[in-house]
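Here's the structure we're looking at; comments come further down.
Below, the structure written as structure tokens:
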């Protein structure tokens, strides 16, 4: 998506070998007009799927997920992160390992908000190693809901997340795909 | 706001003497169409203020703040919560006490995203004892930015937050004002 690639080129900050900081429009300061455009683009790309619910993880997934929810006119549910859970009654939970922080978090959603009748679109800000998306897919499985697809704002094609999802034949749409960082610049991969 | 009061009557769950659970449309599952309507209502109520930025706290403030940002077409910044911070360089921070959880959290925002040129509208999901809003006001003070007003989705008039803001002559707009819970039912206060 050219609008997003342009914005990443203009405002993204490449840190080291594999980190892209986009905290000025996506995950700390948020550009609402850009979010609206991303939401409409997700809607266009998953127009044929009978989506009943959008699922994401707090906090930085909430903005793109809400924008998508506005385009689809379906509820958005965000999984909560916890260090560890003692009360698991009425919750679906999964463990998510963060390669960046080298810690595990449990994510959970209330059983009230996901059922076997749901067709779920997962939305997240980044796809790198795919751990957060895998956790959400596990929760969808627990609820016996149907996974209709995964919509990602920024994918890093050089990390293993996309491959894991492709192997399971999941419909993935990433609005920007980063192939590499070269000399502090972002090199985009073709859309796929 | 009648649309919101109706929704609280229909879907809100009164727990004990002073807790209203609205996790099926506001802070766990989110109704995007309702958020859009709330955002437009905030815009209408603060139409005369020269807002340049919307400020909230993760996670449950993000959805109404983003919806307001879409109506104002200005950036939204959400403060992050931390147990305690070691690295405070380039951050504005404030300590927020939670009466519900009986713990203190630090909230922070990057100095990049708030400056003396900003006219800030604070948006949050609940106003009860006002601790989160006070923390955000402290951060706005550190940045020497101007506070233009505070927009709240649900205010509990019987807790002290509103009074604290009124005493400081801050322009507060709450879209639903709860005066009491009686026999498990919500009693609304007139708008003010």
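Chains as they are written, first to last, in our numbering: chain A, 1 to 192; chain B, 1 to 192.
Ideal Cβ placement from N, Cα and C applies to all residues, glycine included.
Here the structure is a predicted model, which is why all the values come from computation and not from measurement.
**Message:** Which residues does DSSP list as the beta-bridge partners of residue 172(A)?
**Reply:** DSSP output for residue 172(A) lists 150(A) as bridge partner(s).
**Residues near residue 51(B) in its chain [Cβ-Cβ closer than 7 Å; skip 5 each side]** = Closer than 7 Å at Cβ, skipping near neighbours: 72, 74, 119, 121 and 148.
**Message:** Contact criterion: CB-CB distance below 8 Å. Does residue 22(B) meet it with respect to chain A?
**Reply:** no
**Message:** 8 Å is my cut-off, CB to CB: does residue 73(A) come that close to chain B?
**Reply:** yes
**Message:** I need the DSSP call for residue 55(A), collapsed to helix, strand or coil.
**Reply:** Here residue 55(A) sits in strand by DSSP.
**Asked** So which residues on chain B does residue 66(A) lean against when the C-beta distance must stay under 9 Å?
**Response** Ordered by position in chain B, the residues that pass the 9 Å Cβ test against residue 66(A) are 30, 32, 35, 62, 63, 66 and 67.
**Request:** Return the first residue and the last residue of the alpha helix (DSSP H) that residue 40(A) is part of.
**Result:** 32 to 45
**Closer than 7 Å at the beta carbon, the chain A residues around residue 77(B)** = 28 and 29
**Message:** Can you tell me whether residue 74(A) is helix, strand or coil according to DSSP?
**Reply:** coil
**Message:** When you compare the CB positions of residue 123(B) and residue 42(B), do they come within less than 8 Å of one another, or not?
**Reply:** yes
**Asked** In whole angstroms, what is the alpha-carbon distance linking residue 154(A) and residue 131(A)?
**Response** 15 Å
**Request:** May I have the straight-line CA-CA distance separating residue 173(A) from residue 27(A), to the nearest angstrom?
**Result:** 19 Å
**Request:** Note the first and the last residue of the continuous beta strand (DSSP E) segment covering residue 125(B).
**Result:** 119 to 127
**Prompt:** Does the beta carbon of residue 148(B) sit closer than 8 Å to a beta carbon anywhere in chain A?
**Reply:** For residue 148(B), the answer is no, since every Cβ of chain A falls outside 8 Å of its Cβ.
**Request:** Can you give me the start and stop residues for the alpha helix (DSSP H) that residue 2(A) sits inside?
**Result:** Counting along the chain, the alpha helix (DSSP H) containing residue 2(A) begins and ends at 2 to 11.
**Request:** Using 10 angstroms around the beta-carbon of residue 90(B), count the other beta-carbons present and answer buried if the total reaches 16, otherwise exposed.
**Result:** exposed
**Request:** Determine contact between the stretch 157 to 172 of chain A and the stretch 3 to 12 of chain B, defined as no fewer than three beta-carbon pairs at a distance below 8 Å.
**Result:** The stretch 157 to 172 of chain A vs the stretch 3 to 12 of chain B: no contact.
**Asked** Residues bridged to residue 178(A) by DSSP?
**Response** 156(A) and 188(A)
**Request:** Report the residue from 62(A), 187(A) and 78(A) whose alpha carbon sits nearest the alpha carbon of residue 78(B).
**Result:** 62(A)
**Message:** Please list, in chain order, the chain B residues whose beta carbon lies closer than 8 Å to that of residue 115(A).
**Reply:** Neighbours of residue 115(A) on chain B: none; closest Cβ ~12 Å, over 8 Å.
**Prompt:** Does the beta-carbon distance from residue 254(A) to residue 116(A) come in below 8 Å?
**Reply:** This structure leaves residue 254(A) out entirely; chain A is present only between 1 and 192.
**Prompt:** Using the rule of at least 16 other Cβ atoms within 10 Å of the residue's Cβ for burial, across every protein chain shown, is residue 113(A) buried or exposed?
**Reply:** Taking every protein chain shown into account, the CB of residue 113(A) has 16 or more other CB atoms within 10 angstroms, so this residue is buried.
**Residue(s) in a DSSP beta bridge with residue 105(A)** = Among the bridge pairs identified by DSSP, residue 105(A) is matched with 96(A).
**Prompt:** Mind pulling the chain A residues with CB within less than 8 Å of residue 102(B)?
**Reply:** Chain A residues near residue 102(B): none, gap ~16 Å exceeds 8 Å.
**Message:** To the nearest angstrom, how far is the alpha carbon of residue 125(A) from that of residue 171(B)?
**Reply:** Their backbone Cα atoms lie some 34 Å apart in a straight line.
**Asked** In chain C, which residues lie with their C-beta within 8 Å of the C-beta of residue 59(B)?
**Response** Of the protein chains in this structure, namely A and B, none is chain C.
**Asked** So, helix, strand or coil for residue 142(B), using DSSP?
**Response** helix
**Asked** Going along the chain, which residues of its own chain have a beta-carbon closer than 6 Å to the beta-carbon of residue 156(A), five neighbours each way excluded?
**Response** 128 and 178
**Prompt:** Around the C-beta of residue 15(A), are 16 or more other C-beta atoms found within 10 angstroms, so that it is buried, or is it exposed?
**Reply:** Exposed.
**Asked** So residue 164(B) is in the alpha helix (DSSP H); what residue range does that whole segment cover?
**Response** 161 to 167
**DSSP bridge partner residues for residue 131(B) (one or two, in chain order)** = Residue 131(B) is not bridged to any residue.
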